Amino acid sequence: MSDIAEIKIDGKVYEFPIITGTEGEKSIDISKLRELTGHITLDLGYKNTGSTKSAITFLDGEKGILKYRGYAIEELAQKSTFLEVAYLLIYGDLPTQEQLDYFTNRITRHTLIHEDMKKFLDGYPSKSHPMAQLSSLVCSLSTFYPESLKANSTKEAMDLTMVKLLSKFPTILAFIYKKSLGHALMYPKTKYDYVTNFLHMIFGRRTEDVEIDPVMVSAMNTLLILHADHEQNCSASTVRMVGSSDCNLYASVSAGIDALWGPLHGGANQAVIEMLELIKEDGGDTEKWINKAKDKNDPFRMMGFGHRVYKNFDPRAKIIKKACDDILDKLGINDPVLEIAKKLEEAALNDPYFVERKLYPNVDFYSGIIYRALGFPTDMFTVLFALGRLPGWIAQWKEMHENKEPIGRPRQVYVGHTNREFVDIKNR
Ligand code: SDX
């Protein structure tokens, strides 16, 4: 198979190298396209455009494959812990026990946030969305750690910034949640592991010791692992784009949080539950809502369905659907929206509209049902997605810096006015 692509323009043939990835994917390197031909490409939504070479995560949309650093998501979800997967994504290999202990101890040491950060929480309206608060609080970490502003500083300084962000993120999330309830803040405790500590800060109470159910810890580890990275998705690309200007990690991740908030991206997990609740309130007529999703004149979309890359099935959705049944069973919860979700999935998977467009349940379709079973309110679902995606964002930002990638600056096709003379306002 040739490793050269030819483009013919006005009778002249230009050659461009074909690059093959380690999993066999093919790409045409057009780095010199404009220089050689005076042309650029146009690809709305970057559906056919690779923005980087990355060794972090591999997806095969046709086969429903997801691997972190070469390890299958099914194995990691079953056998690993979220912090171990975070280490894998960021440093490239599964840690030895000694490496994991050192990593864990460093993270445990930095879980507190500056007491002055609580003043920001007092300033937000009581019902303001947690994602808005999370984005601004994460960016404000850079004001307390000015040494982090020099993104490309020493390896040790960058590493400490990554560790601090991983450490403080759950504390910030928990403080946002407790503040939304008007409850006393629960502080992190060094005796707990990462996920138990988070659940302790969320569900713990000052007045008595609350035992954190191991079933909840296990479910949370699985959910966070499944969300940990997903190659060049909208929010990871945003973190890379902002970081490519040599902006600090806190501000880059803050921008990623904003991108994730959108209902077409991570905000879908909240939108799915709101959709299922709507269908339940409307009498549970899944056929009616499937038809609305298919109707081009109806703005309704089947939230949690469809994916830019997965055109067969989202391997994470399969794992989460099974986890859903297990956790609700173990916790003795019967959630009627789960039945509606299964009816919707069943109907859609047999409907030509969805089958022709290769629309299957994605990671967001069932995750909200588990978050709700664990006791989280709907508007906390997307910040939980962000907690899971944090190590992925950090790994992508780190890889971009290590590879010394240039500042991101796409071109455009201009379609506006060509030339106009200025007209004084009196004569307009
Ligand atoms: C995440 O990129 C990632 O990896 C993201 C993510 C991650 O881990 O980071 O996996 C997480 O964001 C998952 C996706 C969560 N979003 C949703 O569930 C929102 C609902 N889904 C969509 O809006 C949509 O499917 C997207 C945004 C996910 C993908 O959109 P694309 O690839 O741009 O596809 P498209 O909008 O061009 O749709 C193709 C066709 C269109 O119909 P036609 O114009 O061809 O007739 O499929 C239709 C769309 O109208 N379609 C849907 C649909 N999704 C696509 N129709 C009804 N319901 C839907 N959900």
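Per our numbering, residue 14 is the first one in the sequence shown, and the count goes up by one each step.
Idealized CB from N, CA, C, for every residue including glycine.
Bear in mind the structure is a predicted one, so any value in this text is a computation, not a measurement.
Here's a check: name, in chain order, each residue in its chain whose Cβ is nearer than 6 angstroms to the Cβ of residue i, leaving out the five neighbours to either side.
i, result
"GLY74", "VAL322, TYR323 and LYS324"
"TYR207", "LEU96"
"LYS25", "none"
"ILE238", "LEU89, ALA90, PHE95 and VAL98"
"ILE292", "TRP302 and ILE353"
"ILE50", "Going by the sequence as given, residue 50 is Thr instead of Ile. ILE22 and TYR27."
"ALA197", "ARG219"
"PHE367", "ALA361"
"TYR137", "GLN146"
"ASP437", "none"
Is the beta carbon of residue i less than 9 angstroms from the beta carbon of residue j?
i, j, result
"PRO143", "VAL396", "yes"
"ALA99", "ALA241", "yes"
"GLY280", "THR251", "no"
"ILE225", "LYS191", "no"
"SER265", "GLY256", "yes"
"TYR379", "LEU362", "no"
"ARG253", "MET413", "yes"
"ILE78", "ALA408", "no"
"ILE189", "LEU154", "no"
"GLN245", "SER44", "no"
"ARG329", "ILE86", "yes"
"PRO157", "ASP114", "First, the residue type needs correcting, since residue 157 is Phe and not Pro in the sequence shown. No, the pair does not count as a contact, with Cβ atoms beyond the cut-off."
"SER267", "SER148", "yes"
Nearest to residue i by alpha carbon, out of the options?
i, options, result
"ASP135", "LEU150, HIS123 and THR124", "LEU150"
"PRO390", "LYS60, SER15, LYS131 and LYS140", "LYS140"
"LYS163", "SER258, LYS60 and LYS309", "SER258"
"ALA187", "LEU179, ASP172, PHE211 and THR203", "PHE211"
"HIS52", "VAL436, ASN432, TYR427 and GLU434", "TYR427"
"LEU236", "ILE383, GLU290, GLN245 and LYS66", "ILE383"
"LEU289", "ASP308, TRP274 and PHE318", "PHE318"
"ARG47", "ARG424, HIS430, ASN440 and ILE438", "ARG424"
"LYS76", "LYS334, GLY429 and GLU36", "GLU36"
"LEU351", "TYR104, GLY381 and ASP392", "GLY381"
"ASP377", "ALA170, GLY388 and CYS337", "CYS337"
"HIS243", "PRO404, GLU160, PHE133 and ILE332", "PRO404"
"VAL230", "ASP222, TYR205 and THR156", "TYR205"
"TRP406", "ILE103, GLY195, GLU300 and GLY34", "ILE103"
Which value, in whole angstroms, describes the spacing of the CA atoms of residue i and residue j?
i, j, result
"LEU357", "SER166", "51 angstroms"
"ALA284", "MET316", "6 angstroms"
"ILE20", "PRO30", "11 angstroms"
"ILE32", "ASP311", "42 angstroms"
"ASP16", "SER40", "10 angstroms"
"PHE182", "LEU400", "7 angstroms"
"PHE435", "GLY83", "59 angstroms"
"PRO365", "PRO419", "44 angstroms"
"ASP271", "CYS152", "11 angstroms"
"GLY217", "THR203", "15 angstroms"
"TRP410", "LEU262", "7 angstroms"
"ILE185", "GLU287", "25 angstroms"
"GLY421", "GLY296", "49 angstroms"
"ILE332", "VAL228", "16 angstroms"
"ASN440", "HIS430", "20 angstroms"
"MET199", "LYS132", "16 angstroms"
"THR174", "GLY105", "18 angstroms"
"ASN304", "ASN282", "21 angstroms"
"LYS60", "MET393", "30 angstroms"
"LYS334", "GLN110", "31 angstroms"
"ASP42", "LYS355", "43 angstroms"
"GLU415", "MET171", "11 angstroms"
"ARG122", "VAL223", "22 angstroms"
"LYS80", "LEU72", "7 angstroms"
Sorted by chain position, which residues of the same chain lie with C-beta nearer than 8 angstroms to residue i's C-beta, five sequence neighbours on each side aside?
i, result
"ILE108", "For clarity, residue 108 is Pro in the given sequence; the question names Ile instead. Excluding sequence neighbours, PRO108 sits near GLU97, TYR100, LEU101 and PHE116."
"ILE120", "LEU96, VAL176, LEU179, SER180 and TYR207"
"LEU273", "MET144, CYS247, SER248, GLY279, GLY280, THR395, PHE398, ALA399 and ARG402"
Considering only residues of the same chain and omitting the five flanking positions on each side of residue i, which have a CB-CB separation below 7 angstroms?
i, result
"HIS320", "ASP327 and ASN375"
"ALA386", "ILE340, LEU341, LEU344, ILE346 and ASP348"
"ASP56", "THR62"
"ASN234", "THR94, PHE95 and VAL208"
For residue i, decide whether its Cβ has a neighbour in chain C, counting only Cβ atoms nearer than 9 angstroms.
i, result
"ARG321", "The structure shown contains no chain C; it is built from a single protein chain."
Could you give the uninterrupted runs of the beta strand (DSSP E) lying entirely in the region 14-80, keeping only those of 3 residues or more? 17-22, 25-33, 39-41 and 70-73
Whole alpha helix (DSSP H) elements within the region 211-261, 4-residue minimum: 227-239 and 247-256
Mind pulling the alpha helix (DSSP H) runs of 4 or more residues that sit fully within the region 363-409? 365-369 and 376-386
Which ranges does the alpha helix (DSSP H) cover as unbroken runs of at least 4 residues, wholly within the region 281-340, from first to last along the chain? 281-294 and 299-307
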